[in-house]
Amino acid sequence: MISSLRQPVVGISGSDLLLRQRHATPVKARSFLPSLAREKGQGSLVSVHKPLHIASSLGGRNFVSVKSDGKGDSVKCEAYEADRSEVESSNTPSEASKKVKIGIYFATWWALNVVFNIYNKKVLNAYPFPWLTSTLSLACGSLMMLISWATGIAEAPKTDPEFWKSLFPVAVAHTIGHVAATVSMSKVAVSFTHIIKSGEPAFSVLVSRFLLGETFPVPVYLSLLPIIGGCALAAVTELNFNMTGFMGAMISNLAFVFRNIFSKKGMKGKSVSGMNYYACLSILSLAILTPFAIAVEGPQMWIAGWKTSISQIGNQLIWWIAAQSVFYHLYNQVSYMSLDEISPLTFSIGNTMKRISVIVSSIIIFHTPVQPVNALGAAIAILGTFLYSQAKQ
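The sequence shown: position 117 = 111 (my numbering), numbered continuously.
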């Protein structure tokens, strides 16, 4: 705001006002403005030319400059906002350090996932009991987190019955997706399971469109064509195709889509960190899965299979089971921790790159035979997943 004040006797400069602000008692605005109104009859004039821009400055005080306009006895009053950018920038991490942190998260996530898939396939080849293997993975992670909370290594989450109620459908979907993926890998190559699982975005769009009524831009729908076409081409040309393995990967895709939907709805307003959230999810999933694992496979089959596997493989089977259980929890925990630091788009791109690393590493380690057409289908599906993540931006 610019005020023109005709005062024939008094002259005010910016330095005078600053000195008075330091050494004199501040004059309240509500006592100053009425005095101008009372002096209006004495020939004073107040005119408003521009709005007054006032905002808090450093220390919470406004800086006011008073200047003469050089055209008589008018006084020009202006208020400006002090720049906070220097203070705020000192309290926020630099862009370079943030990128380094995200890079470390991604590298750790991919490495742990590759190691898990390798040991998981080794276990399933020697001891083909996917329901028990899935249960042991959840049990190991749950035990690790309970010990961390008890010893103070990690701060225990503050939960209530409402939290566990909202977590239950997420845990059900997570349990189904986990078991289905393990069943798939017990029947087919790791690379084939992950090629089919790269089609998860197609399930996400279809479920959101037809069950939730959500609509998407045209590029999102177009990105589904290479995903579906690539997965179909890879499935048709898979040398060791197995219907159980194929359906397991497809069910896993559908279950994880519902897990993400339930997670978004149930966790609104909750203040549980990514690490503790996945820990609670593991504990609840373990409670859900254990009775079903006993019913489907049972202790008698486990014991008989264990004796056979130990006689063929030896005690290294124990190490394989321990490794796949530990690394399963660690890679999932890091992925949930990554969600606290990055956007969903960045996470989706990282997940796509993770699948590439798993597919390539498993083909190399297990010497999986791959036909050129099969590799082309995998590449098309993964490219479609990348285009999908870009289209949803």
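We treat Cβ as the ideally placed atom computed from N, Cα and C, and that holds for glycine.
Separation of residue j from residue i, as counted between CA atoms
i	j	result
M295	A133	19 angstroms
A120	G378	35 angstroms
V166	T129	14 angstroms
Q306	I315	15 angstroms
L275	H168	8 angstroms
S29	D154	Residue confidence for S29 is low, a pLDDT of 44 falling below 50, so the modelled location carries little weight and cannot support an answer.
S198	S257	14 angstroms
P285	A150	27 angstroms
E232	K95	38 angstroms
T346	F157	31 angstroms
A369	A144	48 angstroms
G135	S192	25 angstroms
Q310	P213	49 angstroms
G207	G242	27 angstroms
A289	Y271	28 angstroms
V364	I358	11 angstroms
C391	E194	Lying outside -5 to 387, the shown extent of the chain, residue 391 is not represented and no answer is given.
I312	A298	16 angstroms
S217	K301	49 angstroms
K115	S355	12 angstroms
G223	A287	35 angstroms
M244	K152	35 angstroms
S88	S265	26 angstroms
G239	F100	28 angstroms
V108	A148	26 angstroms
Y215	S303	47 angstroms
Alpha helix (DSSP H) segment containing residue i, residue limits
i	result
G292	292 to 307
K152	No alpha helix (DSSP H) holds K152; DSSP gives it neither H nor E.
S88	Note, S88: premise wrong, no alpha helix (DSSP H); not H, not E.
A196	194 to 204
K191	184 to 191
F210	No alpha helix (DSSP H) contains F210, which DSSP labels as neither H nor E.
Three-state secondary structure assigned by DSSP to residue i
i	result
T346	helix
N234	coil
H361	coil
S329	helix
L324	helix
S128	helix
F341	helix
Y121	coil
S440	Shown here, the chain extends from -5 to 387; a query on residue 440 therefore has no answer.
K386	coil
W158	helix
G5	With a pLDDT of 46 at G5, under the threshold of 50, the predicted position of this residue should be treated as unreliable, and no value is reported.
Reference residue i; option with closest CA among the options
i	options	result
F252	A317, A196, F210, F380	A196
M138	E89, W313, V320, A372	V320
V117	V184, L218, T231	V184
F360	P211, F186, P213	F186
A281	G207, Y113, S131	S131
H172	Q365, W313, H323, L219	H323
W103	N326, A385, L227, F210	N326
S178	R203, S246, F204, I255	S246
L161	Q318, I255, A372, I353	I255
V164	I343, I277, G292	I277
M269	S332, I304, S279, I353	S332
A375	K386, T362, I353	I353
P293	F100, K92, T127	T127
A273	S142, I304, P211, M237	S142
L283	K159, F110, P124	P124
K228	V182, P211, F210	It is worth fixing the name first, because residue 228 is Ala in this sequence and not Lys. Per the Cα distances, V182.
S180	K92, L200, P122, S202	P122
M237	G344, S202, K92, A174	A174
T176	F110, R203, S202, I147	F110
H188	S383, S351, F341, P366	S351
Any non-hydrogen atom of the ligand ATP closer than 7 angstroms to residue i Cβ
i	result
F235	Among the components modelled here there is no ligand, and therefore nothing to report on the ligand ATP.
Chain D within 8 angstroms of residue i, Cβ atoms only
i	result
W158	Considering every chain present, this structure includes no chain D. It has just one protein chain.
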